[in-house]
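Each remark here refers to the structure printed beneath this line.
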Amino acid sequence: MDLSYTVLILIIPLFVFLLLGLFFRRIKAPLSGYIGVAGLTVTSLISFFVAFEYFFKIGMVDGAYQKIVAFKFVWLHFTSTMSISIGVMLDPLSAVMLIVVPLVSWMVHIYSLGYMKGDRGFTRFYAFLSLFTFSMLGLVLASNLFEIYIFWELVGVSSYSLIGFYYEKPSAVLAAKKAFIVTRFADLGFLIGLLILSYYAKTFDFVNLTSLTFIHNLSGIGTTFIGLSVITWALILIFVGGAGKSAMFPLHIWLPDAMEGPTPVSALIHAATMVVAGVFLVARLFPLYYFIEGGIALDVVTVVGTFTILFAAIIAITQHDIKRVLAFSTISQIGYMMLALGISKYEGPEGLGYMAAMFHLFTHAMFKALLFLGAGSIIHSVHSNYMQDMGGLRKYMPITHITFLIAALAISGIPPFAGFFSKDAILAAAFEHHKVVWFTGWFVAGLTAFYMFRLYFRIFWWNDPKYEHTPHESPKSMTIPLMVLAFMAAFSGFIPFSHFVSPDYVPFSEHMEWGLAGASVGIGLVGIILAWILYKKENDLSTRFALAFGLFYKWAYHKFYIDELYMFVTKEIIFKHISAPFAWFDRHVVDGTMNGIGNSTVWISEKIKGLQSGRVQDYAMYFVSGATVISMILWFLIK
Amino acid sequence: MIEGVSIYEILTLTTTVFFIGVYGFVTRKNLMAMLISIELILNSAAINFVVVNKYLFPAKMDGDIFSIFIIAIAAGETALALAIIINLYRLIMSVKTKDLETMKH
Chain A
1 MDLSYTVLIL
11 IIPLFVFLLL
21 GLFFRRIKAP
31 LSGYIGVAGL
41 TVTSLISFFV
51 AFEYFFKIGM
61 VDGAYQKIVA
71 FKFVWLHFTS
81 TMSISIGVML
91 DPLSAVMLIV
101 VPLVSWMVHI
111 YSLGYMKGDR
121 GFTRFYAFLS
131 LFTFSMLGLV
141 LASNLFEIYI
151 FWELVGVSSY
161 SLIGFYYEKP
171 SAVLAAKKAF
181 IVTRFADLGF
191 LIGLLILSYY
201 AKTFDFVNLT
211 SLTFIHNLSG
221 IGTTFIGLSV
231 ITWALILIFV
241 GGAGKSAMFP
251 LHIWLPDAME
261 GPTPVSALIH
271 AATMVVAGVF
281 LVARLFPLYY
291 FIEGGIALDV
301 VTVVGTFTIL
311 FAAIIAITQH
321 DIKRVLAFST
331 ISQIGYMMLA
341 LGISKYEGPE
351 GLGYMAAMFH
361 LFTHAMFKAL
371 LFLGAGSIIH
381 SVHSNYMQDM
391 GGLRKYMPIT
401 HITFLIAALA
411 ISGIPPFAGF
421 FSKDAILAAA
431 FEHHKVVWFT
441 GWFVAGLTAF
451 YMFRLYFRIF
461 WWNDPKYEHT
471 PHESPKSMTI
481 PLMVLAFMAA
491 FSGFIPFSHF
501 VSPDYVPFSE
511 HMEWGLAGAS
521 VGIGLVGIIL
531 AWILYKKEND
541 LSTRFALAFG
551 LFYKWAYHKF
561 YIDELYMFVT
571 KEIIFKHISA
581 PFAWFDRHVV
591 DGTMNGIGNS
601 TVWISEKIKG
611 LQSGRVQDYA
621 MYFVSGATVI
631 SMILWFLIK
Chain B
640 MIEGVSIYEI
650 LTLTTTVFFI
660 GVYGFVTRKN
670 LMAMLISIEL
680 ILNSAAINFV
690 VVNKYLFPAK
700 MDGDIFSIFI
710 IAIAAGETAL
720 ALAIIINLYR
730 LIMSVKTKDL
740 ETMKH
């Protein structure tokens, strides 16, 4: 069966980007939006069709899902064994992403018709959205490491341009720069890891890299570095790249600032799709992570993920900017996915963690995109990002209220909403693996419920703060995507995910651990009730609560001073003590040598240019004196 | 061969004339004077040819012929130089070397 039509999934958004990008002055505001939405509608339908075909018709062979290279084109042919190709690979992972990415992107495209209405950069916005969608789809469909790296950088670029979308605002420009530099710095790790891995593996192809016999050969490589095999180091470096994109501690600092971008962008890029690229990357190379040296690299993933969920959740409780709360919540939830990947095993039902990570990726994309779009809807009508300016909005914005509530319940893990199932799968896998990891995950589930409902009650209940302009419900183009995503957030938990995704590609059946599920629902309810007490009606309980924590609250409010630490390290240590001497050396020694050569030439020529006077008599004089000197020398010599 | 005059005295004379010519060529500010200096240099050379021929190789005529060549060439050169100088004078009303430095700019 010819599957080369899958390449259309990439070509259509690219074409829309080129069309809108090249003619952005010609194509006026509403039209460009319609072009973008139309392009993405076609892309989404093809993607859904491909995913459906894959899961139900062509993917399953002999009881296991296959990796199908649907399209391949050799791009750089170096030697007979070494070539880089651009291709489309289908497997359960990419098929799942083929549902997540186009769906969220499609909703965001429609939503932006309303949200960005009247913005000067309307066409530019849609052009970049298409570029992003193209890059992200390329990333998930990539058939080899090099291709994924190319698209990895492309999503970074589109994220940069969209964060800095309001480029007149200095804070947006700074945030865009920060995001780009931090992720680029992390991508350096990815690049080095990729090169080391491919140097030893002699291939970039995922089909080879993840086959078990190949990994067995690869683990025979005895080269070590500080006690670990080079392959482990390569995997850790690749994870650094993934951690940068996925905003894992300590590379998370760019994500909260990235909220400077338009809210639909935050929903699409910084909540649902791009930030889970790191999770996707680790999942893509999961057999390598699991089998090389007993999974040391995977333990790194677990530790980072576990720390990040707790760290980000604590900060999320203290923030006042609603988008920042959601940003830290995103960091925390991606931590859950990383953690789940880290604790997963390979075969059969033991691959629960892996399945749970992808499941949570799926459900999280739905409810987090919904939360962001809801927040966008609120910001759109209140014209403020801060929860101090909000309150009592449930009367004014009923649809936003209901959908936001569904998303909040989903993220808090309350059945029967989607987050319950995926989070429960993660916690069940964690319980099998290590009790500390499970306990952290369980505790953070409570924190999650608390900060989400703090947000919910503070926005929709509390007290009516006497708005200057009465807030009103957003237009249809904004509420319909909210409803679609709310539907997904409510019901996507019932998808039997373990039948589709597993580390060894063999479907298995998942059992509900009712005891664990009860515990996590319990702590979720505790969090919600606490939020109810503190934030349902206007009161000063929460301030007193915060005061009781004293210094700890202050630390958390200032995000544990990680940004300041980075500033200190970069400005005070790197810039002052490393870069400044280097700059001095460059300016004075390297440039000095070059300038010295130039200046001395100028100086000497300045001095001797009088010799070339243009007067024949002077030349005759030089000639005569020269001849005299030479003849005198000769005379002395001969004599 | 001139009785009572040795080759040294004549060569001393021609060397003196030659350097007077060189000195004049380097120092004179006037194109005509420079031209005259060149004549002095050429003449000293011509005398040298004749003298060396006469004193050292009396049987040969090469030196005499060379000196005739030199005289002919000097005449041609002088005619050419004078033509240039006259044209120059018509152009800039001057035969001073310091007025002729415009070419270097």
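Those protein sequence lines, which keep their order, are chains A and B.
Taking the numbering used here, the leading residue of the first sequence gets 1, the next gets one more, and so forth.
Taking the numbering used here, the leading residue of the second sequence gets 640, the next gets one more, and so forth.
Ideal Cβ placement from N, Cα and C applies to all residues, glycine included.
For clarity, every value in this text was computed on a predicted model and none was experimentally measured.
Fill in: Outcome for PRO581(A) when other beta-carbon atoms lying within 10 angstroms are tallied against a minimum of 16
For the purposes of this step, residue 581(A) is taken as the residue at position 581 of the first sequence. So PRO581(A) ends up on the exposed side.
Item to complete: Within its chain, find whatever has a CB closer than 7 Å to the CB of SER676(B); leave out the 5 residues flanking it on each side and keep chain order.
Response: Walking along the second sequence from the start, residue 676(B) turns up at place 37. Answer for SER676(B): GLY660, GLY663, PHE664, ARG667, listed in chain order.
Item to complete: Ignore the nearest five residues each way along the sequence and tell me which others in LEU251(A)'s own chain have a CB closer than 7 Å to its CB.
Response: Against the first sequence, residue 251(A) aligns to sequence position 251. So the list reads VAL182, ALA186, ALA243, GLY244, once near-sequence residues are dropped.
Item to complete: Whole angstroms is fine: what's the gap from PRO643(A)'s alpha carbon to ILE253(A)'s?
Response: Residue 643(A) lies beyond the range of chain A shown here (1 to 639); nothing can be said about it.
Worksheet entry | Where ALA713(B) falls: helix, strand or coil (DSSP) | Taking the first residue of the second sequence as 1, we reach residue 713(B) at position 74. Helix at ALA713(B).
Worksheet item: Are the CB atoms of PRO264(A) and SER112(A) nearer to each other than 7 Å?
Response: Position 264 of the first sequence, counting from 1, holds the residue named residue 264(A). Position 112 of the first sequence, counting from 1, holds the residue named residue 112(A). Yes, they are a contact pair.
Worksheet item: Taking just the CA atoms, how far does LEU90(A) sit from LEU174(A)?
Response: As a position in the first sequence, residue 174(A) is number 174, starting the count at 1. As a position in the first sequence, residue 90(A) is number 90, starting the count at 1. If I take the Cα positions, the gap works out to 38 Å.
Worksheet item: If you check the beta carbons only, do ALA272(A) and ALA365(A) fall under 7 Å apart?
Response: For the purposes of this step, residue 272(A) is taken as the residue at position 272 of the first sequence. For the purposes of this step, residue 365(A) is taken as the residue at position 365 of the first sequence. For ALA272(A) and ALA365(A), yes; Cβs fall inside 7 Å.
Worksheet item: Which first and last residues belong to the beta strand (DSSP E) in which ILE84(A) is found?
Response: Locating residue 84(A) in the first sequence gives position 84, counting from the first residue. Segment 83-90, the beta strand (DSSP E) holding ILE84(A).
Discussion item. Please list, in chain order, the chain B residues whose beta carbon lies closer than 8 Å to that of VAL624(A).
Written reply: Numbered from its first residue, the first sequence carries residue 624(A) at position 624. Ordered by position in chain B, the residues that pass the 8 Å Cβ test against VAL624(A) are VAL661, VAL665.
Worksheet item: Using a C-beta to C-beta distance shorter than 8 Å, which residues of chain B count as neighbours of MET621(A)?
Response: Counted from its first residue, the first sequence places residue 621(A) at position 621. Result: VAL665.
Fill in: Beta-carbon spacing of LEU310(A), MET337(A) below 7 Å
Start at 1 with the first residue of the first sequence, and residue 310(A) comes out as number 310. Start at 1 with the first residue of the first sequence, and residue 337(A) comes out as number 337. Against a cut-off of 7 Å, the Cβ pair of MET337(A) and LEU310(A) comes out as no contact.
Worksheet item: For GLY305(A), which residues from the same chain have a beta carbon less than 6 Å from its beta carbon, with the 5 sequence-adjacent residues on both sides left out?
Response: By one-based count along the first sequence, residue 305(A) stands at place 305. GLY335, MET338, LEU339, GLY342.
Fill in: LEU541(A) versus HIS270(A): straight-line alpha-carbon distance, rounded
Your numbering for residue 541(A) matches position 541 in the first sequence. Your numbering for residue 270(A) matches position 270 in the first sequence. Their Cα atoms are separated by approximately 32 Å.
Item to complete: Kindly provide the ranges of any beta strand (DSSP E) runs that are 3 or more residues long and lie completely inside the stretch 482-532 of chain A, ordered along the chain.
Response: none
Worksheet item: Checking contacts by CB at 7 Å: is GLY614(A) closer than that to chain B?
Response: Stepping through the first sequence from its first residue, residue 614(A) is reached at position 614. For GLY614(A), the answer is yes, since a Cβ of chain B falls inside 7 Å of its Cβ.
Worksheet entry | Boundaries of the alpha helix (DSSP H) in which LEU131(A) is found, first to last residue | Residue numbering aside, residue 131(A) sits at position 131 when the first sequence is read from its first letter. Here the alpha helix (DSSP H) through LEU131(A) covers 122-141.
Worksheet item: Quick one: what's got a C-beta closer than 6 Å to VAL108(A)'s C-beta in the same chain, skipping five residues either side?
Response: By one-based count along the first sequence, residue 108(A) stands at place 108. These residues qualify, in order along the chain: PRO264, ALA267, LEU268.
Worksheet item: Can you tell me whether DSSP reads PHE286(A) as helix, strand or coil?
Response: What you label residue 286(A) is simply residue 286 of the first sequence in a count that begins at 1. Helix, per DSSP.
Item to complete: Note down the Cα distance separating GLU648(B) from PHE688(B), rounded to an integer number of angstroms.
Response: To locate residue 648(B), count along the second sequence from 1; it is residue 9. To locate residue 688(B), count along the second sequence from 1; it is residue 49. Computed Cα separation, rounded: 15 Å.
Item to complete: Quick one: residues in its chain with C-beta nearer than 6 Å to the C-beta of LEU197(A), no 5 flanking neighbours on either side, listed in chain order?
Response: Residue 197(A) sits at position 197 when you count from the first residue of the first sequence. Around LEU197(A): ALA234.
Fill in: Outcome for ALA745(B) when other beta-carbon atoms lying within 10 angstroms are tallied against a minimum of 16
In this structure chain B extends from 640 to 744, so residue 745(B) is not present and cannot be described.
Worksheet item: In its own chain, which residues sit with a C-beta less than 8 Å from the C-beta of VAL303(A), not counting the 5 before and 5 after it?
Response: Position 303 of the first sequence, counted from the start, is the residue given in the question as residue 303(A). GLY342, listed in sequence order.
Worksheet item: Is DSSP giving ALA64(A) helix, strand or coil here?
Response: Counting from one through the first sequence, the residue named residue 64(A) turns up at place 64. The answer is strand: DSSP assigns ALA64(A) an E or B state.
Discussion item. Please report whether the beta-carbon of GLU642(B) lies at a distance below 7 Å from any beta-carbon of chain A.
Written reply: Against the second sequence, residue 642(B) aligns to sequence position 3. With 7 Å as the cut-off, GLU642(B) does not count as an interface residue toward chain A.
Fill in: Buried/exposed call for ASP257(A), threshold 16 Cβ in 10 Å
To locate residue 257(A), count along the first sequence from 1; it is residue 257. Buried, since its Cβ has 16 or more Cβ neighbours within 10 Å.
Practice prompt. Entirely within the stretch 195-252 of chain A and at least 4 residues each: give me those alpha helix (DSSP H) ranges in chain order.
Written response: 206-209, 212-218, 230-245
Worksheet entry | PRO262(A) versus ALA375(A), PRO287(A), PHE359(A), ILE192(A), residue with shortest Cα-Cα distance | As a position in the first sequence, residue 262(A) is number 262, starting the count at 1. For the residues ALA375(A), PRO287(A), PHE359(A), ILE192(A), the minimum Cα distance to PRO262(A) belongs to ALA375(A).
Worksheet item: Does the count of Cβ pairs from the stretch 436-451 of chain A and the stretch 479-497 of chain A closer than 8 Å reach three?
Response: no
Worksheet item: Quick one: what does DSSP say ALA70(A) is sitting in, helix, strand or coil?
Response: The residue you call residue 70(A) lines up with position 70 of the first sequence. Correct three-state label for ALA70(A): strand.
Discussion item. Does the CB of GLU716(B) have a neighbour CB from chain A at under 7 Å?
Written reply: Position 77 of the second sequence, counting from 1, holds the residue named residue 716(B). With 7 Å as the cut-off, GLU716(B) does not count as an interface residue toward chain A.
Item to complete: Determine contact between the stretch 529-540 of chain A and the stretch 450-465 of chain A, defined as no fewer than three beta-carbon pairs at a distance below 8 Å.
Response: yes
Discussion item. Can you give me the C-alpha to C-alpha distance between LYS639(A) and SER631(A), rounded to a whole angstrom?
Written reply: Walking along the first sequence from the start, residue 639(A) turns up at place 639. Walking along the first sequence from the start, residue 631(A) turns up at place 631. Their backbone Cα atoms lie some 12 Å apart in a straight line.
Fill in: DSSP three-state assignment for ASN144(A), whether helix, strand or coil
Against the first sequence, residue 144(A) aligns to sequence position 144. Residue state, collapsed to three classes: strand.
Discussion item. Can you list, in chain order, the residues of its chain with a C-beta nearer than 7 Å to that of PHE180(A)? Leave out the 5 residues immediately preceding and following it.
Written reply: Sequence index remark: in the first sequence, residue 180(A) carries index 180 (1-based). Answer for PHE180(A): GLY156, TYR160, listed in chain order.
Fill in: Range covered by the alpha helix (DSSP H) that runs through VAL436(A)
Residue numbering aside, residue 436(A) sits at position 436 when the first sequence is read from its first letter. From DSSP, the alpha helix (DSSP H) with VAL436(A) extends over 435-460.
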